[in-house]
Amino acid sequence: MTNEVTSLVVIAVMLGLVFVIGMVPGMKNKLDLEGWAVGGRSFGRWLNWFVLAGEIYTAFAFLGASGWAYAKGGPIFYILGYGGLAYVVGYHVLPKICEVGHANKLLTQPDLIAHLYKSEKLAFGTALVGVAFLLPYLQLQLTGLGLIIETCSYGQITRVPAMLIAFSLVATFVYVSGLKGVASTAVIKDTIMMVAVVFFGLYLPYHYFGSVGGMFEALDTAKPGFLSLPGGTPNLDVTWAMSTLVVTSLGFYMWPHFSANTFSARSPEVLRHNAVYLPLYQYCLLFPMLVGFTALLVLEPALKVPDMAFMAVVQNLFPGWVLGLVGGAGALACMIPAADLILSTSMLVSRNIYGKTAGKNMSPNEIGRVARFVVLLLTGVALLLAIFLPNMLVNLLLTGYSGVTQFFPMIVLGLFWRKASKEGAIAGLLIGELLVFTLILNKMDPFTLGSIHLNAGFVALTINTFIYVVVNEVVYRMKTQTPSVEAEKVS
13 MTNEVTSLVV
23 IAVMLGLVFV
33 IGMVPGMKNK
43 LDLEGWAVGG
53 RSFGRWLNWF
63 VLAGEIYTAF
73 AFLGASGWAY
83 AKGGPIFYIL
93 GYGGLAYVVG
103 YHVLPKICEV
113 GHANKLLTQP
123 DLIAHLYKSE
133 KLAFGTALVG
143 VAFLLPYLQL
153 QLTGLGLIIE
163 TCSYGQITRV
173 PAMLIAFSLV
183 ATFVYVSGLK
193 GVASTAVIKD
203 TIMMVAVVFF
213 GLYLPYHYFG
223 SVGGMFEALD
233 TAKPGFLSLP
243 GGTPNLDVTW
253 AMSTLVVTSL
263 GFYMWPHFSA
273 NTFSARSPEV
283 LRHNAVYLPL
293 YQYCLLFPML
303 VGFTALLVLE
313 PALKVPDMAF
323 MAVVQNLFPG
333 WVLGLVGGAG
343 ALACMIPAAD
353 LILSTSMLVS
363 RNIYGKTAGK
373 NMSPNEIGRV
383 ARFVVLLLTG
393 VALLLAIFLP
403 NMLVNLLLTG
413 YSGVTQFFPM
423 IVLGLFWRKA
433 SKEGAIAGLL
443 IGELLVFTLI
453 LNKMDPFTLG
463 SIHLNAGFVA
473 LTINTFIYVV
483 VNEVVYRMKT
493 QTPSVEAEKV
503 S
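The sequence shown begins at 13 in my numbering and counts up one residue at a time.
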């Protein structure tokens, strides 16, 4: 059996197994809207752990991290820091979101916004923005999947049919099983991913250089300064790294699908417990970087697509069945997070956009049927985007992060600050998103001020927060002063 066939058979078996496991929860029980969208709010520590942690090991971690290490060097180290900081935010914020969600039967992030600010219009706008930024994140997974299958088949299967086949499987088990299907498959995906990245992250440097330290010494000799900031880039320096850490750590749990994942927890204590131990996952993000650095030194000629560094170095060294195992792990790293994204986006469209306009008189069961149809529709849209508008994986993720991070003042201060108002939320969100779109579409990311280079999302978040606080202070003073003025008129 040739390497091409062996590799594809291994991948097919892995994907088929995960597909069957993803179908089981929906086939065993008929799920109502709450059971389909948020797992019936019944997830204990382990299921909730894998649902939350599953968003770390995506195409970004598997391909983007090694690709950035290969192409850019030192700037990649930002990803080691943002998760640890994000879990601190999660420890304090997620239990509160869970508590509010359980008490008020909330299913989506816009539901939370509507509850906090008593404004359906603000919730509707949040849903539109959420969909706009979830689609690039979904596209990230699709693009990564196509690249993986194309490489693992030695070019026999191109990325387009690979994406069509794999995401037909994803759409099917999401349609049937919802979040329970996502959670059950995430357990398998994370286990395989951790084994794969740790093994290759350690084995490849030892194979080629005798040790991890030997690899770093060789890299420093071949490319002096590549491992420090700005590495192989002209402007991704210390200020960029610090501002990017702020954006990615504060924006980590602002993605709309994390609200549904949070609502799935059995209790706030489940989330608090998991936030303490999830930082352990950050250690595993180091290993794809080691693969990327190794690939830079051993692959000739230079790769045209840096994101394929991981797959290319494995393909050069190992037989087809090993490449199939790695490709299967990478494919799962794309498919399972994509399933969560498709589920969340379908709920935003059906419940918070369609359900508040043309479908405002629909029952929860009818909304559930619409949401399942939207799963299929969104999968098709995402496929078209991935086919016709591909881009580098990390750039797509950073674009999404810049957008969803603008939710941070509105959600977090809305939960904990008594002066929060819908006027402040609307003003801050509008300014923040307008700045994000303006800066990114005009290729001003990073934003340069003299010798300082800042993440565009950080610039937008700073101004967004300032506007939010100022407007809320003004509104609060107006509301508290009004009764006394009226009392003077009466007297």
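Cβ coordinates follow ideal geometry from the N, Cα and C atoms, glycine included.
Ranges of the alpha helix (DSSP H) found wholly within the segment 272 to 311, counting only runs of at least 4: Counting only runs of 4 or more residues that sit fully inside the segment 272 to 311, the alpha helix (DSSP H) segments are 280 to 289, 293 to 296 and 298 to 310, in chain order.
In or out: N116 buried (at least 16 other Cβ within 10 Å) or exposed? exposed
Does DSSP put Q461 in a helix, in a strand, or in coil? Position check: residue 461 holds Leu in this sequence, whereas Gln was assumed. DSSP, reduced to helix, strand and coil, places L461 within a strand of the structure shown.
Once DSSP output is grouped into helix, strand and coil, what is the label at L147? helix
Cβ of L97 within 8 Å of Cβ of S261? yes
Using the beta-carbon count (16 or more within 10 Å), is M359 buried or exposed? buried
Classify F385: buried if its beta carbon has 16 or more other beta carbons within 10 angstroms, exposed otherwise. exposed
Within the continuous alpha helix (DSSP H) that includes R504, where are the two ends? Nothing about residue 504 can be read from this structure; the chain reaches only from 13 to 503.
How about V63 and A183: do their beta carbons lie closer than 8 Å? no
Can at least three beta-carbon pairs, one atom from the segment 38 to 52 and one from the segment 185 to 202, be found at a separation below 8 Å? yes
What's the gap between the Cα of L297 and the Cα of M205? 11 Å
Secondary structure at L315, three-state DSSP: helix, strand or coil? coil
Among S362, T369 and K368, which residue has its Cα nearest to the Cα of G380? Of all alpha-carbon atoms in S362, T369 and K368, the one lying nearest the alpha-carbon of G380 is that of S362.
Euclidean distance between Cα positions of L248 and S54: 43 Å
What residue range does the alpha helix (DSSP H) around I365 cover? Neither: I365 is in no alpha helix (DSSP H) and is coded neither H nor E.
Applying the 10 Å Cβ sphere with the 16-neighbour rule, what's the burial state of E500? Below a pLDDT of 50, predicted positions are generally treated as unreliable, and E500, at 48, falls in that range; the measurement from the model is reported next regardless. It counts as exposed.
Output the distance between the C-alpha atoms of Y94 and G86, rounded to the nearest integer angstrom. 15 Å
Cutoff 6 Å; reference V471; Cβ partners in own chain excluding five residues on either side: F459
Can the beta-carbon of W61 be found closer than 8 Å to that of N286? Going by C-beta atoms, W61 is nearer than 8 Å to N286.
On the CB-based measure, 16 or more other CB atoms within 10 Å of its CB, does K455 come out buried or exposed? exposed
Here's the rule I'm using: 16 or more other beta-carbon atoms within 10 Å means buried, otherwise exposed. How should E46 be labelled? buried
Under 8 Å, do F270 and L152 count as touching if we go by C-beta distance? no
Quick one: Cα of V502 to Cα of Q493, how far? With a pLDDT of 43 at V502, under the threshold of 50, the predicted position of this residue should be treated as unreliable, and no value is reported.
When M227, A208, V210 and V209 are compared against T217, the one with the closest alpha-carbon: A small fix is needed here, since residue 217 is Pro in this sequence, not Thr. Checked all of M227, A208, V210 and V209; the closest Cα to P217 is M227.
Sort I443, L397, R430 and L396 by Cα distance to F419 and report the nearest one. Here the closest residue by C-alpha is I443.
Quick one: what does DSSP say L427 is sitting in, helix, strand or coil? helix
Beta-carbon proximity check, F339 vs I160, cutoff 8 Å: In the sequence as displayed, the identity of residue 339 is Gly instead of Phe. The answer is yes: Cβ separation under 8 Å.
Starting from the Cα of Y366, find the closest Cα among A383, E162 and S356 and give me that residue. A383
In three-state terms, what does DSSP make of L119? coil
Going by the CB atoms, is the gap between L302 and L231 shorter than 8 Å? no
Three-state class that DSSP yields for L241 in the structure shown: coil
Does W58 pass the burial test, meaning 16 or more other C-beta atoms within 10 Å, or should it be called exposed? exposed
Per-residue DSSP class, three states only, for L401: Coil at L401, not helix or strand.
Can you tell me the Cα-Cα spacing of T411 and L401, whole angstroms? 14 Å
Report yes or no: do three or more beta-carbon pairs, one from the segment 413 to 433 and one from the segment 121 to 128, lie closer than 8 Å? yes
Shortest alpha-carbon distance to G137 belongs to which of P313, A321, V288 and A437? Ranking P313, A321, V288 and A437 by Cα distance to G137 puts A437 first.
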